[in-house]
Amino acid sequence: MTLALDLARRAISFRLIDAAESPFVGSRGKGIQPRTLEILDNLGVSEPILAAGARYPKLRIHLGAFSLRAGSLSSSKQPTASVPYPSLWMVPQSRTEQILRERLAALGGGVEWGNALATFTQSKQGVDAVFTSGELVRATFLVGCDGGHSTVRHALGLRLVGDALDDEPTLVADVEIEGLDRRDWHVWPFAVGSPMALCPLPNTSLFQLTTRAKIAATCIEDAVLKVTGHRVERVAWSSVYRPAVRMVDRYRVGRVLLAGDAAHVHPPAGGQGLNTGIQDAYNLGWKLASVVRGGADSLLDTYEVERLPVAAAVLGLSKQLHQTPSIKRGRATDQLGLNYRNSPLSSGVTLGRLRPGDRMPDLRLEDGSRLFDHLHGPQATEFVTPEGPRLLIRPDGYIAHIGTTHFSEYAGAPTRSIRGTLSHLGLR
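Take any residue in the sequence shown, note its place counting from 1, add 23, and you have its number in my numbering.
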C-alpha cells in the first residue's frame, strides 16, 4: 500500500493485486514507530493515523491474587522541533491499512482483490506476469510485497535464511472481554499452561490476545476465563505463527524486487516488522519512479545496498528483544537513527551531528512553517543555509549531500529550493 501511494503521487501507473478476497481484519502489526509516522505524514495520512490510535498503555503484571503496574512501551516524550512524533503509536493493522486504502483511492488508485500472481518471466525489456484469472500483463518492473510465503520470492529461487525463535508457535487473536479494565495491558507471566497477555486496542472494544498456540483457537474462551476470570464475548480474528528471524540475501533480481515480509520476517518484539516493510517501500518508490521515467537503472541497485543491511540490523535487534524483553526500547527501536551513510548516494561533509545519509530532522523555519511540510511531495529539496553549506534532501527525507554544490535536479527530477537556518539544531 505504501509503495502504491508513493507511485500514485508521482503519476506512475501500476497494478496492485492481492490474492485475498477482502481486506485484512486483524490487529497484527499494531505498533507504528516514530520514523514511520514521519513517512505517513509525508504521504498525507498522519492525522487519521494519530486519530485512530493512542500511546501504548502501561503494563499490569498479574501475580496470583496480586498485580502491579509497570511502565509503557511508548515514551512520554513531548514533540520537539526536530522530532515531531517521539512516541510509539498503537493502531490495529487493519485500521492502518484502511487509512492507506482511503488515501490511495483519493489519488485514483485501488487494490484488485481476489487477483493473484500465477507466474512471471522477465527480460531486458520488462516483466510478463500471468494472473490466476488468466490475464497477461506486461510491466516494466514487478515488486513482490506478498509476505512471508511470497510467491515472487519462491519464483526467484530466493530463500529466507535464519532461525525460528521458539519451539512452540504463538496464538494471536482479537477478542471482546466482559469487564476487563481497558486502561492497562494485562500480562499473566506465570499462567498455568502458558503466559498470556491482553492489550486493549484503541478506539475499539477489542483486546489483542497473545499466548502459546498450545491453546487451540477453538478453546480461547475457556483459556481466557480460566486465567483472567473474565468471559470472552466474541473472537473477532485469530492467527497462529512461529516467531522467527529470517531474511533473503538479495532484494533485486533483474526487473523483479522484494519488499517487506517477502524479504525479511520478524518476531513482534520491538514492533519492527511492519515498520521495516513500510520503509522498504518508501526507499523504493522514488527510485522506481526515476528509472521508469528514464533515469539510470543503477539507481535501483542502491535499494538493496541501502535496505539489506538495515533489515539485518533490525532483525538482530528483534531477536534480542524477543529473547530479552527487558532491553530498553526508545532510541533502539524508534528507527530515527537508521541511516544510509555508506550508500553510494551519500556524499559531502559532516555538519555538526549531521552526516550525508542521515535522516533529515524536522525544524521550524523563520516564517514559522515546518521543514517537513516543504518536503511533502515527490521532489528532492535543496536546503540553503546562511551558515554556508547546502543540504540536498532526497525524496525520502534522507540527506544526499552536504556541501557547496548546487543541484538543479536530483535522480532525474527537479529540486525545490528553500532557505532556512540550522541554528535550532545546534549546528551553528
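Here a beta-carbon is modelled for each residue, glycine too, at the ideal position from N, C-alpha and C.
Supposed close pair Leu183, Val288 - CB separation, criterion 8 angstroms: As a first step, residue 183 must be located in the sequence shown, where it is residue number 160. As a first step, residue 288 must be located in the sequence shown, where it is residue number 265. Leu183 to Val288, Cβ: 6 angstroms. Contact.
Pick out whichever of Val198, Thr144, Lys249 has its Cα sitting closest to the Cα of Arg51. Translated into the one-based positions of the sequence shown, residue 51 becomes position 28. Ranking Val198, Thr144, Lys249 by Cα distance to Arg51 puts Val198 first.
Nearest-angstrom Cα separation, counted from Trp208 out to Pro46: As a working note, residue 46 is residue 23 in the sequence shown. As a working note, residue 208 is residue 185 in the sequence shown. Going by the C-alpha atoms only, they are around 27 angstroms apart.
Nonlocal neighbours in the same chain, by C-beta distance under 6 angstroms from Phe395, ignoring five residues either side: Indexing the sequence shown from 1 puts residue 395 at position 372. Closer than 6 angstroms at Cβ, skipping near neighbours: Asp385.
Does the distance from the C-beta atom of Trp260 to that of Pro418 stay below 8 angstroms? As a first step, residue 260 must be located in the sequence shown, where it is residue number 237. As a first step, residue 418 must be located in the sequence shown, where it is residue number 395. Against a cut-off of 8 angstroms, the Cβ pair of Pro418 and Trp260 comes out as no contact.
Output needed for Met383: all residues of its chain with C-beta closer than 6 angstroms, excluding positions within five of it in sequence on either side, in chain order. For the purposes of this step, residue 383 is taken as residue 360 along the sequence shown, with counting starting at 1. Once the five neighbours on either side are set aside, the close Cβ partners of Met383 are Ile416, Gly420, Ile422.
Rounded Cβ spacing between Arg354 and Val407 (contact assumed at less than 8 angstroms): Locating residue 354 in the sequence shown gives position 331, counting from the first residue. Locating residue 407 in the sequence shown gives position 384, counting from the first residue. The Cβ separation is near 30 angstroms, so there is no contact.
Does any residue of chain D have a CB that is nearer than 8 angstroms to the CB of Arg382? Given the protein chain composition of this structure (a single chain), no chain D is represented.
Check Pro212 in the structure and name its three-state DSSP category. The residue you call residue 212 lines up with position 189 of the sequence shown. DSSP places Pro212 in coil when its eight states are reduced to three.
Distance, Pro115 Cα to Leu140 Cα: Sequence index remark: in the sequence shown, residue 140 carries index 117 (1-based). Sequence index remark: in the sequence shown, residue 115 carries index 92 (1-based). Rounded to whole angstroms, Leu140 to Pro115 spans 27 angstroms at the Cα level.
Starting from Ala74, follow the beta strand (DSSP E) in both directions and report where the run begins and ends. Numbered from 1 along the sequence shown, position 51 holds the residue referred to as residue 74. Premise fails: Ala74 lies in the alpha helix (DSSP H), 69 to 75, not in any beta strand (DSSP E).
In chain order, what residues of the same chain lie with their CB nearer than 6 angstroms to the CB of Phe430, ignoring the 5 residues before and after it? The residue labelled residue 430 in the question sits at position 407 within the sequence shown. The residues are Glu405, Leu415, Thr438.
Selected residue, minimal CA-CA separation from Ser110, among Ser95, Asp320, Ser369: Stepping through the sequence shown from its first residue, residue 110 is reached at position 87. Cα-wise, what sits closest to Ser110 is Ser95.
The alpha helix (DSSP H) enclosing Gln343, as first and last residue numbers: The residue labelled residue 343 in the question sits at position 320 within the sequence shown. Per DSSP, Gln343 belongs to the alpha helix (DSSP H) from 321 to 346.
Between the alpha carbons of Gln295 and Gln56, how many angstroms are there, rounded? In the sequence shown, residue 295 corresponds to position 272, counting from 1. In the sequence shown, residue 56 corresponds to position 33, counting from 1. Approximately 8 angstroms between the Cα atoms of the pair.
What does Ile55 pair with, by DSSP beta-bridge criteria? Here residue 55 refers to the residue found at position 32 when the sequence shown is read from its first residue. Answer by DSSP bridge pairing, in chain order: Trp112.
Would you grab the beta carbon distance between Glu138 and Asp41 for me? Rounded to a whole angstrom, and I think it's under 8 angstroms. Within the sequence shown, residue 138 is the residue found at index 115, counting from 1. Within the sequence shown, residue 41 is the residue found at index 18, counting from 1. According to the sequence provided, residue 138 is Asn. The question's Glu does not apply to it. Rounded, the Cβ-Cβ distance is 7 angstroms, consistent with contact.
Please check the pair Val68 and Arg161, which I expect to be a contact at CB under 8 angstroms, by giving their CB distance rounded to whole angstroms. The sequence position of residue 68 within the sequence shown is 45, counting from 1. The sequence position of residue 161 within the sequence shown is 138, counting from 1. Val68 to Arg161, Cβ: 31 angstroms. No contact.
For the putative contact between Thr193 and Ala236, defined by C-beta atoms under 8 angstroms, what is the C-beta separation to the nearest angstrom? The residue you call residue 193 lines up with position 170 of the sequence shown. The residue you call residue 236 lines up with position 213 of the sequence shown. Right, the Cβ-Cβ distance comes to about 6 angstroms (below 8 angstroms), so this counts as a contact.
Is it true that the CB of Thr119 sits closer than 8 angstroms to the CB of Tyr305? As a working mapping, residue 305 is identified with position 282 in the sequence shown. As a working mapping, residue 119 is identified with position 96 in the sequence shown. Taking 8 angstroms as the Cβ cut-off, Tyr305 and Thr119 do not qualify as a contacting pair.
State yes or no: is the C-beta of Leu196 within less than 8 angstroms of the C-beta of Ile243? Here residue 196 refers to the residue found at position 173 when the sequence shown is read from its first residue. Here residue 243 refers to the residue found at position 220 when the sequence shown is read from its first residue. What sits at residue 196 in the sequence shown is Ala, not Leu. Yes, the Cβ-Cβ distance between Ala196 and Ile243 is below 8 angstroms.
Under the three-state DSSP convention, the category Cys168 falls into: Counting from 1 along the sequence shown, the entry for residue 168 is found at position 145. In this structure, Cys168 counts as coil in the three-state DSSP scheme.
Only counting the same chain, and skipping five residues up and downstream in sequence, which positions put a Cβ closer than 6 angstroms to that of Arg33? Locating residue 33 in the sequence shown gives position 10, where the first residue counts as 1. Taken in chain order, the residues that qualify are Ala312, Pro401.
8 angstroms Cβ cutoff met for Leu188 and Pro266: In the sequence shown, residue 188 corresponds to position 165, counting from 1. In the sequence shown, residue 266 corresponds to position 243, counting from 1. Yes.
Proximity winner among His85, Arg387, Ser36, Ile301, relative to Val215 (alpha-carbon distances): In the sequence shown, counting from the first residue as 1, residue 215 sits at position 192. Measuring from the Cα of Val215, the nearest candidate turns out to be His85.
Exposed unless 16 or more other CB atoms sit within 10 angstroms - verdict on Gln358: Sequence index remark: in the sequence shown, residue 358 carries index 335 (1-based). Counting Cβ neighbours within 10 Å, Gln358 comes out buried, since at least 16 surround it.
Buried or exposed (CB count within 10 angstroms, at least 16 for buried), Val175: As a first step, residue 175 must be located in the sequence shown, where it is residue number 152. So Val175 counts as buried.
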